[in-house]
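Down below is the structure, laid out as structure tokens.
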Amino acid sequence: MRVVTLGTGYVGLNTAVALAYLGHSVRGVDVDIEKVSKLKQKQAPIREAGLDALLSLSLDLTFTTDLASVIEDVDVIFIAVGTPSLPNGHADLSYVHAAAKNIAECLSPRRDVTIVVKSTVPIGVNTMLERQIREHISRRGECVDFLHFASNPEFLREGCALSDMFYPDRIVIGTQDDKAHAMLSELYAPILSQSFPPPDGISIPNPRPQSQCLRTDQTSAEMIKYASNAFLATKISYINELSGLCEKLGANISDVSLGMGMDHRIAPYFLRSGLGWGGSCFPKDTLALLGIASEYDYSLPIVEAAIAVNERQKHRIVQSVLSALKVVRGARVALLGITFKPNTDDVRHSPAVDLARHLTRLGARVFVHDPVGLANARRVYAEEGFDFCDTAYEAAEGAEAIMIATDWAEYRSLDWRRILESLAQPHLFDARNLLDRNAMLALGFKYYGF
1 MRVVTLGTGY VGLNTAVALA YLGHSVRGVD VDIEKVSKLK QKQAPIREAG
51 LDALLSLSLD LTFTTDLASV IEDVDVIFIA VGTPSLPNGH ADLSYVHAAA
101 KNIAECLSPR RDVTIVVKST VPIGVNTMLE RQIREHISRR GECVDFLHFA
151 SNPEFLREGC ALSDMFYPDR IVIGTQDDKA HAMLSELYAP ILSQSFPPPD
201 GISIPNPRPQ SQCLRTDQTS AEMIKYASNA FLATKISYIN ELSGLCEKLG
251 ANISDVSLGM GMDHRIAPYF LRSGLGWGGS CFPKDTLALL GIASEYDYSL
301 PIVEAAIAVN ERQKHRIVQS VLSALKVVRG ARVALLGITF KPNTDDVRHS
351 PAVDLARHLT RLGARVFVHD PVGLANARRV YAEEGFDFCD TAYEAAEGAE
401 AIMIATDWAE YRSLDWRRIL ESLAQPHLFD ARNLLDRNAM LALGFKYYGF
């Protein structure tokens, strides 16, 4: 099938590459000239497992800034642009509206075409965009009978987005249009049947999932995305809330999490206590969900509590540093990890950054290391007053405290005896519970888990 993706961020780019690998003819469109230039040279603008390898293959995949040049005879158009948070918590739909306007101005439908919203948008936006595009094309005197619309929310995790594309738990198609459903079912058929050769460099879940396809209406599809992310965020906040109580009781939160996760009704996923959630999805989507509810004069106290607990967790860790060091002003603190999660170079809305900012405001000098996110951090947070270090050992040299803020696997294999000997004080704050507590205590660290 002939596919166009508007937007080449995490969602649009990984969608485009995966569909091209499955044999579809894909055109990626973006207004960012520099990004498109890199993609034309088969250079990924983001770090994602397996992305560089797939881009290097001879796929029917091209990139452009000109939608009009690639929209003729297209079968499926994906809107996959960003919907960042506004100051009031509502989703910024300016990029979505711009994408819809561009489609309406460029598209002259003479055959069936399905326009799919993959961006995470508030309830009712799919219906609104459908109305706007139909009206715009109709005013030109052109036939709109070939137009079909669907909501197809994404469930991609940064760091393993391509794995999630090829091996999803579910594909949600929100449409009451039989033609749109049939076209998207055909598009995703290789994934649903798992009939494609596994691409190199992409992890295959074990066991390999039997992907399910759910057909629903557009409103329910929109809600599934928000409801899923809010639930996962709440699950993390819940275990973090319990970790504070476990600390007072002398219980081991890691054992509590393990015991809870053994119950198949609960499952172990998203039950790791620590610094809390961040990134480009959970903060944005929980706030957007609250914004949607407020429009209907409806409260979501559980979601509100999840957000509050997530913020409190960062404060709890800072208070632990204050309690241990007594005086933070002028202290040197080593912060290991600044991306919001491992296996990505994304530093947006990272809890590690919040932690570093808080310590800096208290007068500490924060020395930051990250295995892959350092270049982005140096660019994005150049004015924050952080000191960036090329190695974890450099960050630790002479520090009164060292803190693990992102659970990179590389940090497990550090020479922790060497780090201990380089510290001014032996305080180790494991904000991701990455290391073995007993092993660190045996080395001589004063270990703090969360």
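Residue numbers (our numbering): 1 to 450.
Glycine residues also receive a C-beta, built at the ideal position from the N, C-alpha and C atoms.
Just so you know, these numbers come straight off a predicted model, no measurement behind them.
At which residues does the beta strand (DSSP E) containing residue i begin and terminate?
i    : result
L428 : H427 to D430
A150 : L147 to S151
H369 : R365 to H369
L336 : R332 to L336
V117 : V113 to V117
I77  : V76 to I79
Measure the C-alpha to C-alpha separation of residue i and residue j and round it to an integer number of angstroms.
i    : j    : result
L428 : L335 : 10 Å
F196 : E383 : 47 Å
L374 : C389 : 8 Å
E397 : Q425 : 11 Å
T219 : N126 : 8 Å
Y472 : S85  : Past the edges of the chain, shown from 1 to 450, lies residue 472, and the structure says nothing about it.
L107 : A68  : 8 Å
S422 : A431 : 20 Å
D415 : P301 : 45 Å
K225 : Y10  : 16 Å
P153 : V256 : 33 Å
D297 : H90  : 15 Å
H369 : D345 : 12 Å
K35  : N433 : 36 Å
D169 : C281 : 18 Å
T120 : E400 : 43 Å
K118 : S25  : 18 Å
G449 : G159 : 25 Å
P283 : Y21  : 32 Å
Y447 : N438 : 9 Å
P209 : A324 : 46 Å
G250 : R316 : 17 Å
I202 : R418 : 35 Å
L187 : M1   : 7 Å
Opposite residue i in the DSSP bridges: which residues?
i    : result
Q212 : R170
G444 : Beta-bridge pairing links G444 to no other residue.
G28  : T5 and F63
G449 : D430
D387 : F367
S273 : Paired residues: none, contrary to the question.
Among residues of its own chain, excluding the 5 on either side of residue i, which ones have a beta-carbon nearer than 8 Å to its beta-carbon?
i    : result
V70  : V4, R27, V29, T62 and T64
C246 : N252, I253 and V256
V328 : V321, L322, L359, L362, G363 and A364
G124 : T219 and E222
Taking 7 Å as the limit between beta carbons, can you name the residues of its chain near residue i, skipping five residues before and five after?
i    : result
S56  : K42
D217 : G174 and Q176
Give every residue of the same chain whose Cβ lies closer than 6 Å to the Cβ of residue i, excluding the five residues on either side of it in the sequence, and list them in chain order.
i    : result
P205 : Y167
V347 : I338, T339, G373, N376, A377 and V380
A230 : T286, L289 and V303
K38  : P45
I79  : L6, A99, V117 and S119
D263 : none
From which residue to which residue does the alpha helix (DSSP H) around residue i run?
i    : result
F231 : Q218 to L249
I33  : I33 to K40
I404 : That residue, I404, is in no alpha helix (DSSP H); its beta strand (DSSP E) goes A401 to I404.
T325 : The question names Thr, but residue 325 is Leu in the sequence shown. Note, L325: alpha helix (DSSP H), P301 to L325.
Q132 : V125 to R139
W416 : W416 to S422
N102 : S94 to C106
Is residue i near the ligand PLP, going by C-beta to nearest heavy atom under 8 Å?
i    : result
D263 : This structure simply doesn't include the ligand PLP, nor any ligand for that matter.
Assess, as a yes-or-no matter, whether the region 291-298 is touched by the region 363-372 under the definition of 3 or more beta carbon pairs within less than 8 Å.
-> Contact fails between the region 363-372 and the region 291-298, because fewer than three Cβ pairs, one in each stretch, are under 8 Å apart.
Spell out a yes or no on whether the region 400-408 and the region 346-355 are touching, meaning 3 or more CB-CB pairs, one atom from each, closer than 8 Å.
-> Yes, the region 400-408 touches the region 346-355.
Counting Cβ pairs closer than 8 Å, one from the region 175-190 and one from the region 130-144, do we hit at least three?
-> No, they do not touch.
Any contact of the region 156-167 with the region 228-243, i.e. 3+ C-beta pairs under 8 Å?
-> As far as the Cβ criterion goes, the region 156-167 does not touch the region 228-243, which means the pair count is below three.
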